[in-house]
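First residue of the sequence shown: 1069, per our numbering; consecutive thereafter.
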Amino acid sequence: MQVKFKVYVLKARILLRHDYLGLGAVLSKVLVTGGAGFIGRYTCRALVAAGHDVIIYDNFSNASHDGLNGLGRVIEADIRDRDALLDAVANADHVVHLAALVSVPISIEMPKQVFDINVAATEQLFDICRETGFAGRVIYASSASVYSNDLGGNFKEEWATGQGLLSPYASSKFMNEVQAGIYKICYGLKTTAFRFFNVYGAGQDPKSPYSGVITRLLEARDEGKKFTIFGDGSITRDYIAVEDIAGAIALLAGFDGEAPRVMNLGTGQQTTLNELVEAWQDATGQGLDYSYGPARSGDQQHSCADIAVVQKTLPAWQPVSLAEGLARWVGK
């Protein structure tokens, strides 16, 4: 499915300030796989704003070339294409690996494809780095889905054990962390995973199967549709603005110190779906027609990040609240 992106003027603070260069920043050439996707575009812009050169690597199966001018060299290739990936890595100082199938429902429908793209292709990337003696940092996307469904409180990084996973997508992301750990221990590869919690922001296509719940709220408003809350609305999520995801990646790409193996990226604030609908209505000043439907298979009941590790490592990084993020994006 081809998704056409609108070009947005990004006004979020993380892309307008350069104070995050103060953390011992080393300006480099950064390869971003999945660089034309939703999070990838924000990441490329944040890296450019920080002074890095960017190489965008994407197969454009779910992205457009629109809006990429001026961001850097574009390589149109699949993450499974070893020769193309080898050439790209050879020209980079650091790698940001975002290319993946990222939908829990799609992973349940297509587990083989999720393994091929999320696990086998990531193994190939790590092995290319091993073979070439890659000395830079590899920052890759993990997910809050690696946490067991029976946890409470704010999730600490060490709580993810591989037990209680609910989908092939969650399994693939946990396997990535295991892979990265082996390559770090055996070959000295500098790998760090950011576990993304629920990411939202402008530019995500509401019709895409990869879009999140807040984007579907936008679609319901704009098209006059009834919004469906799956389950009773009591499940909780930690919603983080995409600008803050991109900002953390840009900070780490310019960070010259020792980084943890894995870090949560959330806000540390949990919100139920019912509370999200209320926050949406407060931000937009509009009512919302909604109803309740059956709970979805593979959905965690509770998800909220402990962000102490990332705040200690990257003290300049401070995520905005859900209320502030919604006000910036869809505010009245």
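For every residue, glycine included, the Cβ atom is placed at its ideal position computed from N, Cα and C.
Length of the line joining the Cα atoms of residue i and residue j
| i | j | result |
| --- | --- | --- |
| G1256 | E1343 | 44 Å |
| V1063 | K1224 | In the structure displayed, the chain extends from 1069 to 1400; residue 1063 sits before or after that span and is not available. |
| I1253 | D1324 | 20 Å |
| D1218 | A1373 | 15 Å |
| V1398 | T1352 | 6 Å |
| K1180 | K1241 | 14 Å |
| S1389 | V1378 | 16 Å |
| A1316 | P1328 | 13 Å |
| I1196 | F1183 | 18 Å |
| F1073 | G1292 | Residue placement at F1073 cannot be trusted, given a pLDDT of 30 that sits under 50; the coordinates are not used to answer. |
| E1226 | N1244 | 15 Å |
| N1222 | Y1307 | 13 Å |
| G1090 | G1138 | Confidence at G1090 is low in this model, with a pLDDT of 41, below 50, so the placement of that residue should be treated as unreliable; the coordinate-derived value is given next. Distance between the alpha carbons of G1090 and G1138 is about 24 Å. |
| G1232 | A1248 | 21 Å |
| G1230 | M1178 | 20 Å |
| G1269 | E1311 | 8 Å |
| A1363 | F1298 | 5 Å |
Cβ neighbours of residue i in the same chain (closer than 8 Å, five flanking residues each side left out)
| i | result |
| --- | --- |
| A1068 | Shown here, the chain extends from 1069 to 1400; a query on residue 1068 therefore has no answer. |
| G1301 | T1340, L1341, N1342, V1345 and Y1360 |
| L1166 | V1100, T1101, G1102, G1103, G1105, I1107, G1108, T1111, Y1208 and A1209 |
| I1185 | I1147, R1148, A1167, A1168 and L1169 |
| G1220 | H1370 |
| T1200 | L1154, V1157 and A1158 |
| L1356 | L1285, A1288, R1289, F1295, V1345, W1348 and Q1349 |
Boundaries (first-last residue) of the alpha helix (DSSP H) holding residue i
| i | result |
| --- | --- |
| G1108 | F1106 to A1117 |
| A1376 | A1376 to T1381 |
| L1390 | L1390 to V1398 |
Enclosing beta strand (DSSP E) for residue i [first to last residue]
| i | result |
| --- | --- |
| G1361 | Y1358 to G1361 |
| V1098 | K1097 to T1101 |
Spatial neighbours of residue i in its chain, beta-carbon cut-off 6 Å, leaving aside the 5 residues before and after
| i | result |
| --- | --- |
| A1212 | R1263, F1265 and S1371 |
| S1175 | V1182, S1235, P1236 and Y1237 |
Contact set for residue i: own chain, Cβ-Cβ below 7 Å, skip 5 residues either direction
| i | result |
| --- | --- |
| L1394 | A1347, W1348 and A1351 |
| E1191 | Q1247 |
Test: residue i CB closer than 9 Å to a CB of chain C
| i | result |
| --- | --- |
| I1123 | No chain C appears in the structure shown, which is made up of a single protein chain. |
Report the residue ranges of all beta strand (DSSP E) runs contained in full by the segment 1127-1178; include only those spanning at least 3 residues, in chain order. 1141-1144 and 1162-1165
Is it true that the segment 1354-1370 meets the segment 1323-1335, where meeting means three or more beta-carbon pairs spaced less than 8 Å apart? Not touching, per the Cβ criterion.
Start-end ranges of the alpha helix (DSSP H) lying completely within the segment 1186-1255, minimum 4 residues: 1189-1200 and 1236-1255
Extract the residue ranges of the beta strand (DSSP E) inside the segment 1259-1343, only unbroken runs of 3 or more that lie entirely within it. 1266-1268, 1295-1298, 1307-1309 and 1330-1333
Mind the definition here: the segment 1272-1291 touches the segment 1169-1186 only if three or more C-beta pairs lie below 8 Å; say whether that holds. Contact between the segment 1272-1291 and the segment 1169-1186 is present, because at least three Cβ pairs lie under 8 Å.
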